[in-house]
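What the sequence shown shows, in this note's numbering, is residues 1 to 76, in sequence order. Using N, Cα and C, we set each Cβ at its ideal position, and we do this for glycine too. Please read all numbers here as calculations on a predicted model, not as lab measurements. See below for the structure under consideration.
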Amino acid sequence: MSAKKSFEESMADLEKIVRKLEAGDISLDDSLSEFEKGVSLLRDCEKKLDEAKGKVEQLINDASGGIRSVSFEIKE
């Protein structure tokens, strides 16, 4: 098996799959195969995002003028 793809490579591959499926020019079997690949890529991307979220920290000045580290929260 080849080395794991970067997040950007996985997203680019996922976008290609979406374009193929939206075009509708492939057989049902090929569509299902592409869909399965897409689901796998999506899971990989979600995992990478979760890992990145866990690593990101934001530095904030506290009331005493010191700096403390807090977990970064994504606001949806």
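Here Gly24 carries a coil assignment [DSSP, helix/strand/coil]. Approximately 6 Å separates the beta-carbon atoms of Leu21 and Glu34; this is inside 8 Å, confirming the contact. The DSSP-derived three-state label of Lys47 is helix. In the three-state reduction of the DSSP assignment, Lys37 falls in the helix class. The Cβ neighbour count for Ile17, taken over all protein chains shown within 10 Å, is at least 16; the residue is labelled buried. Ser6 carries a coil assignment under DSSP once its states are collapsed to helix, strand and coil.
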